[in-house]
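Protein chains in written order, with my numbering: chain A, 1 to 303; chain B, 1001 to 1319.
All C-beta atoms in this analysis are idealised placements derived from N, C-alpha and C, irrespective of residue type, glycine included.
Since this is a predicted model, take the numbers as computed values, not measurements.
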């Protein structure tokens, strides 16, 4: 493979290439500066200010951070809800999509179409997906309707009960995100070195044992990747609870991102919202770093 | 629908380098190889039985999985008062296709769709122009500080949207962009994702091709336009579709920066406000939801061959 080294060339030519490269990269660089670097810097500053949407801004030091942890009734519940969501959602989603990818093996007819089918909710507007589930989960909706008709059991009002509401947010999210990890795992499974699999089969490894001892370790890098990506997105969950339950009942399903949104754009406390966003960022970094640290124990890379 | 279109997704990392060959031929050959190697051995009787059960299981799972969307589709054609009938029915006393038409005159639904298409297409064009150019500079040209700047680009991928959106609103206030189309299009059109994707893709093109053009006296601009871009159609298509999906589905940012929904609201905003606006008109909500899913579903089916490459390169990114 070419590694990009050119034959040595004269300085003038290199200089002209540098100038042209600058031309090519400058729109992206300018945009990134304006729409990423400036906001990030501004966000740090805002975290230290009492910053209403309109009106006087006053420097308050670490007060926003102190206030969040000690004097903000919704902050801790929002953090807890986000963790509960991630703790339920990530394992369920990863395991189910892995099983699905395993099930859609090469001998299944129509697997290409099936994969597309499972991928559809990943790309349809989340708001539309949630609306559909909101209808299904109404007390008179399909889920309760079928349960009553078929089994004569009246189910609880899912979205109005604190515990059930969170379970429904998780369930809806698993359904929505299943196809994404499934595709990652499918790609990994198809890359399995045929020789190793064959050797294991000759040694008498079959079925579950084969999956657990051979397939899972061999695909552990992709499981690792999927877990990290799923965890990061889980910590940023917003639309599902916001639309499905409005964060309720009470604040039982309000995640941290909804808390940030509410602080900033409902209560006009942009400084507090910025501070909360940085706390979320710090948590995500810490969790990602922890996963990277733990990967040596279970992720097998081929060298 | 073709049944075996995603059978041979290439390795995520390697594939970006291997795409220089005409993609179709490459893929076909890869599949033949795979089949030769895997070479399904003749099955014994219990294996056949197991395979039949595997099919049954997978198709039942698929049916359950799809049920919410199917039920939503049929609900969109019910009279509103029969949405929550007990026992539930798939087809109500009458089939109201007209709901799909009525929804367009209900609230500013047509405006939402128009806005969504406009913002998504304009945003995608901006992303394509910016990312291909920057990707070319990072992937094909040599310049001082290139790698350092590239690391800086990549570092921005880590920052979650939540950190950006609040100060971004202030930036929009500075510009006087609150509640405008610009605010929906530009702020998230310069993310490093596209540049990264294009850089990876461009690096897979043999440098000899470019050298030959250079020897013939073509400068970087001509090489970029006449050699690199034409050879990168599939990569650009992947980026285009994923970018379009990102804009089409974007919710948090439009929610923040749009004030007058009836003027600048996009489809997700419209759908969300719909549930408040229409109160109990579930029939129209479902019709609207189904309509909003059509373009994305069509794109996924069109892109199915490239899905794996697209998502394994950098994820969909949530905004």
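Would you please state the rounded distance, in angstroms, between the beta carbons of residue i and residue j? I believe it to be under 8 Å.
i, j, result
"residue 1304 (chain B)", "residue 112 (chain A)", "7 Å"
"residue 81 (chain A)", "residue 253 (chain A)", "6 Å"
"residue 287 (chain A)", "residue 1167 (chain B)", "No, residue 287 (chain A) and residue 1167 (chain B) are not in contact; Cβ-Cβ is about 24 Å, not under 8 Å."
"residue 979 (chain B)", "residue 53 (chain A)", "Because chain B here runs from 1001 to 1319, residue 979 (chain B) falls outside it and cannot be looked at."
"residue 1244 (chain B)", "residue 1089 (chain B)", "Their Cβ separation, rounded to whole angstroms, is 36 Å, which puts residue 1244 (chain B) and residue 1089 (chain B) out of contact at 8 Å."
"residue 1058 (chain B)", "residue 131 (chain A)", "Not a contact, Cβ separation roughly 28 Å."
"residue 1099 (chain B)", "residue 1284 (chain B)", "6 Å"
Thinking C-alpha only, which one of the options is nearest residue i?
i, options, result
"residue 277 (chain A)", "A:289, A:264, A:287 and A:268", "A:264"
"residue 88 (chain A)", "A:275, A:144 and A:164", "A:164"
"residue 1076 (chain B)", "B:1282, B:1235 and B:1294", "B:1282"
"residue 1097 (chain B)", "B:1049, B:1115, B:1089 and B:1074", "B:1074"
"residue 99 (chain A)", "A:270, A:197 and A:189", "A:189"
"residue 1094 (chain B)", "B:1079, B:1121 and B:1106", "B:1079"
"residue 171 (chain A)", "A:234, A:72, A:297 and A:250", "A:234"
"residue 1152 (chain B)", "B:1191, B:1047 and B:1223", "B:1191"
"residue 1149 (chain B)", "A:33, A:198 and A:75", "A:33"
"residue 1127 (chain B)", "B:1196, B:1219 and B:1045", "B:1196"
"residue 49 (chain A)", "A:64, A:285 and A:301", "A:64"
"residue 262 (chain A)", "B:1270, B:1264, B:1233 and B:1165", "B:1165"
"residue 29 (chain A)", "B:1301, B:1266 and B:1154", "B:1154"
"residue 1053 (chain B)", "A:39, A:103, A:31 and A:83", "A:103"
"residue 281 (chain A)", "A:231, A:268 and A:298", "A:231"
"residue 21 (chain A)", "B:1142, B:1061, B:1063 and B:1103", "B:1142"
"residue 161 (chain A)", "A:285, A:149, A:246 and A:296", "A:246"
"residue 85 (chain A)", "A:179, A:283, A:125 and A:241", "A:241"
"residue 1263 (chain B)", "B:1103, B:1047, B:1114 and B:1302", "B:1114"
"residue 1182 (chain B)", "B:1207, B:1225, B:1242 and B:1119", "B:1119"
"residue 1287 (chain B)", "B:1049, B:1105, B:1048 and B:1056", "B:1105"
"residue 16 (chain A)", "B:1233, B:1220 and B:1274", "B:1220"
"residue 1064 (chain B)", "A:62, A:266 and A:175", "A:175"
"residue 1047 (chain B)", "A:39, A:56 and A:108", "A:108"
"residue 960 (chain B)", "A:25, A:249 and A:141", "Any answer about residue 960 (chain B) is impossible in this case: the structure gives chain B only from 1001 up to 1319."
"residue 248 (chain A)", "A:293, A:166, A:297 and A:39", "A:166"
"residue 1130 (chain B)", "A:290, A:267, A:23 and A:298", "A:23"
"residue 1258 (chain B)", "B:1172, B:1207 and B:1217", "B:1172"
"residue 118 (chain A)", "B:1069, B:1051 and B:1212", "B:1069"
Less than 7 Å between C-beta atoms, sequence neighbours within five positions excluded: which residues of the same chain meet that for residue i?
i, result
"residue 168 (chain A)", "137, 158, 159 and 244"
"residue 1319 (chain B)", "Low per-residue confidence applies at residue 1319 (chain B): pLDDT is 33, beneath 50, and the placement is therefore not dependable, though the value from the model is reported in the following sentence. Once the five neighbours on either side are set aside, the close Cβ partners of residue 1319 (chain B) are 1161, 1188, 1246, 1250, 1252 and 1253."
"residue 1132 (chain B)", "1198, 1229 and 1236"
"residue 1295 (chain B)", "1248"
"residue 1210 (chain B)", "1140, 1223 and 1227"
"residue 1292 (chain B)", "1267 and 1271"
"residue 59 (chain A)", "48 and 49"
"residue 1240 (chain B)", "1124 and 1128"
"residue 90 (chain A)", "227, 230, 231 and 234"
"residue 14 (chain A)", "none"
What residues in its chain sit with their C-beta under 8 Å from that of residue i, if we drop five residues either side in the sequence?
i, result
"residue 213 (chain A)", "200 and 205"
"residue 1260 (chain B)", "1179"
"residue 127 (chain A)", "239 and 243"
"residue 1156 (chain B)", "1191 and 1192"
"residue 1071 (chain B)", "1090"
"residue 78 (chain A)", "251, 254, 255, 256, 258 and 259"
"residue 211 (chain A)", "102"
Identify, in the order they occur along the chain, each residue of the same chain with its Cβ nearer than 6 Å to the Cβ of residue i, setting aside the five sequence neighbours on each side.
i, result
"residue 1307 (chain B)", "none"
"residue 1038 (chain B)", "With a pLDDT of only 46 at residue 1038 (chain B), under the threshold of 50, the placement of this residue in the model should not be trusted, and no figure is reported."
"residue 1035 (chain B)", "Unreliable positioning characterises residue 1035 (chain B) in this predicted model, as indicated by a pLDDT of 43, which lies under 50. A coordinate reading is not provided."
query: For the region 1056 to 1074 of chain B, which residues have a CB atom closer than 9 Å to at least one CB atom of chain A, in sequence order?
result: 1057, 1058, 1059, 1061, 1062, 1065, 1066, 1067, 1068, 1069, 1071 and 1072
message: At a CB distance below 7 Å, what residues from the region 218 to 240 of chain A approach chain B? Give them in sequence order.
response: 229, 233, 236, 238 and 239
task: Scan the region 1158 to 1173 of chain B for residues whose Cβ lies nearer than 7 Å to a Cβ of chain A and list them as they occur along the chain.
output: 1159, 1160, 1162, 1163, 1164, 1166, 1167, 1168, 1170 and 1171
field: Contact residues within the region 1191 to 1219 of chain B, judged by C-beta distance below 8 Å to chain A
entry: 1191, 1192, 1195, 1203, 1206, 1207, 1208, 1211 and 1219
query: Between the region 174 to 193 of chain A and the region 94 to 101 of chain A, are three or more C-beta pairs nearer than 8 Å?
result: yes
query: Which of the residues in the region 144 to 159 of chain A, read from start to end, lie with their CB under 8 Å from any CB of chain B?
result: 145, 146, 148 and 149
message: I'd like to know if the region 142 to 153 of chain A and the region 1069 to 1088 of chain B are in contact, where contact means that at least 3 CB-CB pairs between them fall below 8 Å.
response: yes
message: Check whether the region 190 to 202 of chain A and the region 217 to 225 of chain A are in contact - that is, three or more C-beta pairs closer than 8 Å.
response: yes
- request: Inspect the CB distances between the region 1197 to 1206 of chain B and the region 1126 to 1137 of chain B and report whether three or more fall short of 8 Å.
  value: yes
- request: Closer than 8 Å, Cβ to Cβ, to anything on chain A: give me those residues from the region 1293 to 1312 of chain B, in chain order.
  value: 1293, 1296, 1297, 1299, 1300, 1301, 1304, 1307, 1308, 1311 and 1312
message: Closer than 7 Å between beta carbons: that is the criterion. Which residues of the region 32 to 51 of chain A meet it against chain B?
response: 32, 35, 36, 38, 39, 40, 42, 43 and 46
message: So if I threshold CB-CB distances at 8 Å, which residues from the region 1235 to 1251 of chain B count as touching chain D?
response: Considering every chain present, this structure includes no chain D. Its protein chains are A and B.
- request: Tell me, please, whether the region 67 to 76 of chain A touches the region 220 to 231 of chain A by the rule of three or more beta-carbon pairs shorter than 8 Å.
  value: no
field: Selection of the region 85 to 114 of chain A by Cβ proximity to chain B, strictly under 9 Å
entry: Residues 100, 103, 104, 105, 106, 107, 108, 109, 110, 111, 112, 113 and 114.
field: Cβ-based contacts, 8 Å cut-off: residues of the region 261 to 292 of chain A near chain B
entry: 261, 264, 265, 270, 273, 274, 277, 278, 280, 281, 284 and 285
message: Closer than 8 Å between beta carbons: that is the criterion. Which residues of the region 1102 to 1115 of chain B meet it against chain A?
response: Taking 8 Å as the Cβ-Cβ cut-off against chain A, none of the residues of the region 1102 to 1115 of chain B qualify.
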